[in-house]
Amino acid sequence: MKIGVHLYFQNYTDWDRFKSRQPGPPAITDQQIYEEDLHLAGLVEPLGFDSYWAVDHHFTPYAMTGGALQHLTYMAGKTTKLDFGSIVVVLPWYDPLAVVDQISVLDNMLQGRQLTIGLGRGAAKQEFDRFRVPMPHARGRFAESVEILRRALKNEWFSFEGEHFQIPETSIRPGFRNPERLLERMRIAWQSPDTLPIVANSGHGVIMTNTKSWDEYAEDIQQVNKIRRSIGLGPTQPTVQVMLSCFDSEAEAWGVMSTHMLESYNSSAKQYGLDDPSQFIGVKGYEHYAKVPPYLGPGTDPAKDEQMLEYAARPQAWGTPDQVFEKLQFIQQKTGAVEFIVNPRFGGMSAETAERSMRLFAAEVLPRLQAIDPPLPESLNGE
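In the UniProt record's numbering, the protein residues as written are 1 to 383.
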């Protein structure tokens, strides 16, 4: 089984200053966050992980990667053995030819190492607004961009005429090193139920970004594989992202997970507008989000905090090394995961705490997971 790492580059403590537009620098500078997370990223290869993944966010303290492909291209030059992946590239924000061009450069820079292109349509209104892309256009732009990427991978010369994008006869240079493998390794993420059939009918693999319960994801992957079988494809196994808190003490592991998972959910709520879901009312393609109960942050409603801990924190990979291994085995059996992407730092967690967790996991859990041949349970094969 393959195990990767991703990092948020998140400046959690700056949300209040940022949202109120207070003058002056953050209490913790973005430059400090970069130094710390680049240090953690530099540990991924020597600690024996298989891959490194990047998220795609802009303009807020939530995840300051500056874009997944740019971040991965930098890391490609800093490593020699790691495979790479995006979790995810938010296609509707960009000119699809620019995305294809960046993928081709990264593919060549990796010199044969594996690249997984995870794709999504995005859900943060403040990012859509700043990229000047209307949210109701997201689904159409996403579908057209995926098709353009497919055509670029299948043909030296290609063109496209769509509602959102018109591309004259074009060739991508440098040519892709292994276009067939890139097509095979494309993954699509989803959150809303109406997106799932689109993902399944695309024929591409799937990536779970940890926004639902494992039971909900089990139902989703069974539905995905049922649709795939109906169009003549075999079942697929997902790539699954999970939060990590691995320590010698179960109490410390839960303390770290519970504290920083609430912070992480609070950060997500501020990023995606889930502190006021009413903004999604009437937004085509995002009606599902308008039904999400608002979350105003840790401490504002103790009952809500406890609910969030049960829903978002307990199902993650936390505990002693043996407990973390057992939890990840459980998640694999629930979802049929073929690979995991662990996130060792989230919310306001210190880099020192994240590094201790990461090192212990790498020493005592990672080799055991890598020795597993991950099965797809019969209950998830779509029959």
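Ideal Cβ placement from N, Cα and C applies to all residues, glycine included. The model shown is predicted, which means the values in this text are computed figures rather than measured ones.
- For M135, the three-state secondary structure derived from DSSP is helix.
- A54 has S86 as its beta-bridge partners, per DSSP.
- Rounded to whole angstroms, the gap between the alpha carbons of I198 and M349 is 36 angstroms.
- Counting C-beta atoms within 10 angstroms of its own C-beta, H39 has fewer than 16 neighbours from the protein chains shown and is therefore classed as exposed.
- For W157, the enclosing beta strand (DSSP E) stretches over residues 157 to 161.
- Secondary structure of F361 (DSSP, three-state): helix.
- If you draw a straight line from the Cα of M64 to the Cα of T335, it comes to about 29 angstroms.
- Under the DSSP assignment, I372 falls outside any alpha helix (DSSP H); it carries neither an H nor an E label.
- Taking the Cα of Q307 as reference, the smallest distance to any Cα among P293, A27, V242 is reached at P293.
- A straight line joining the alpha-carbon of V89 with that of D30 spans about 22 angstroms.
- R187 and T353 have their alpha carbons spaced roughly 31 angstroms apart.
- Looking at G232, S245, F9, the one whose alpha-carbon comes closest to that of E36 is F9.
- Of the residues L72, F160, G48, the one whose Cα lies closest to the Cα of P96 is F160.
- Sequence-distant partners of G347 (beyond 5 residues in either direction) whose C-beta falls short of 6 angstroms from its own C-beta, in its chain, are Y12, H260, E263, S264.
- Membership of I28 in any beta strand (DSSP E) is not indicated, and neither H nor E is assigned to it by DSSP.
- Take the alpha-carbon of L328 and the one of G48: they are about 18 angstroms apart.
- Beyond the five residues adjoining it in sequence on each side, V240 comes within less than 6 angstroms, by CB distance, of M208, T335, A337, F340 in the same chain, given in chain order.
- Leaving aside the five residues that flank H57 on each side, the residues in its chain whose CB is nearer than 6 angstroms to its CB run, in chain order, A63.
- Distances from the CA of P46 to each of E378, L369, M358, R368 were compared; the closest alpha carbon is that of M358.
- For a cut-off of 8 angstroms, the C-beta gap from E378 to Q323 is around 27 angstroms, too long to register as a contact.
- The stretch 157 to 173 makes no contact with the stretch 112 to 129, as fewer than three CB pairs between them are under 8 angstroms.
- Taking C-beta atoms as the reference points, A68 and S51 fail to come closer than 8 angstroms.
- Annotated three-state conformation of G42 is helix, per DSSP.
- Here K154 is exposed: its Cβ has fewer than 16 other Cβ atoms, across all protein chains shown, within 10 Å.
- Within the stretch 198 to 245, the runs of beta strand (DSSP E) that reach at least 3 residues and sit entirely inside it are, in chain order, 205 to 208.
- If you ignore the 5 residues before and after K284, its C-beta comes within less than 7 angstroms of the C-beta of P136, all in its own chain and listed in chain order.
- For P168, the enclosing beta strand (DSSP E) starts and ends at 166 to 171.
- The way I'd put it, the stretch 68 to 82 does touch the stretch 101 to 121; three or more beta-carbon pairs between them come closer than 8 angstroms.
- Counting every other CB atom within 10 Å of its CB across the protein chains shown gives Y286 a total of 16 or more, marking it as buried.
- Among the bridge pairs identified by DSSP, L115 is matched with F84.
- C-alpha of S245 to C-alpha of I227: approximately 35 angstroms in a straight line.
- Per DSSP, the beta bridge partners of I341 are G4, Q241.
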